[in-house]
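Participant: Here it is, the structure in full.
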């Protein structure tokens with residue numbers, strides 16, 4: 001399996017007549033990379049992800065906290081209903097997941113042919129990855145085989161969400177001195 005190449009679709013606009021210049025023009029950067037970063041740091045929009053595949057695996061990786069806008073998402077800890085499943089989740093993480101959802105679903109609609117879906121994320125990206133993985137696991141129109149790896153991810157949902165997500169194959173790596181996996185704290189309106 002290590003010799004299999006992951007696909008980055010080649011792009012040559014002269015080969016494909018349907019590629020017209022404009023906002024919806026197909027391009028590998030739009031197909032494999034997601035970035036909703038806003039020019040305004042206070043917008044709380046700064047989610048980045050990468051997706052690729054081969055015949056056995058679809059790989060999705062989500063970036064963690066890096067910019068000031070990410071910190072705004074991190075502290076937006078009010079609990080909101082998780083519409084794709086059960087329980088309540090951290091609003092900032094959920095907003096980031098919702099920004100990413102269409103990008104991932106469009107890719108899966110085009111390239112998913114029964115492959116295992118491996119999702120990974122670090123810190124904020126781990127929280128978003130957990131929401132994405134649980135939403136895909138709960139999808140009624142597809143039977144996705146999802147495997148999740150998170151690294152230093154913060155607490156994402158309430159006890160109801162955690163119990164409902166228990167069947168998810170989730171490998172969680174946490175450094176015992178890292179404070180991020182223990183936030184948001186209860187005083188941040190997160191139980």
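In full-length UniProt numbering, the protein residues as written are 1 to 191.
C-beta atoms are modelled at their ideal positions from N, C-alpha and C, and glycine is treated no differently.
Near residue 125, which residues of its chain fall below 6 Å by C-beta distance, leaving aside the five closest residues on each side in sequence?
Facilitator: These residues qualify, in order along the chain: 62, 63 and 64.
Participant: Keeping to the same chain, check which residues put their C-beta closer than 6 Å to that of residue 117; ignore five residues upstream and five downstream.
Facilitator: So the list reads 58, 144 and 146, once near-sequence residues are dropped.
Participant: How many whole angstroms separate the CB atoms of residue 134 and residue 84, which I take to be in contact at a CB cut-off of 8 Å?
Facilitator: Confirmed, about 7 Å.
Participant: Thinking C-alpha only, which one of 87, 121 and 171 is nearest residue 160?
Facilitator: Considering only alpha carbons, the answer is 87.
Participant: Leaving out five residues on either side along the sequence, give the residues of the same chain with a beta carbon under 6 Å from the beta carbon of residue 56.
Facilitator: 115.
Participant: Could you pull the DSSP bridge partners for residue 149 from this structure?
Facilitator: Paired residue(s): 120 and 171.
Participant: Where does residue 106 sit, in a helix, a strand or coil, going by DSSP?
Facilitator: In this structure, residue 106 counts as helix in the three-state DSSP scheme.
Participant: What residues in its chain sit with their C-beta under 6 Å from that of residue 127, if we drop five residues either side in the sequence?
Facilitator: So the list reads 93, 153, 154 and 156, once near-sequence residues are dropped.
Participant: Can you tell me whether residue 170 is buried or exposed? The criterion is at least 16 other CB atoms within 10 Å of its CB, across all chains shown.
Facilitator: Flag for residue 170 reads buried.
Participant: By the three-class DSSP mapping on this structure, what secondary structure does residue 156 have?
Facilitator: Residue state, collapsed to three classes: coil.
Participant: For a test of the three-state rule: what should DSSP assign to residue 54, helix, strand or coil?
Facilitator: Coil, per DSSP.
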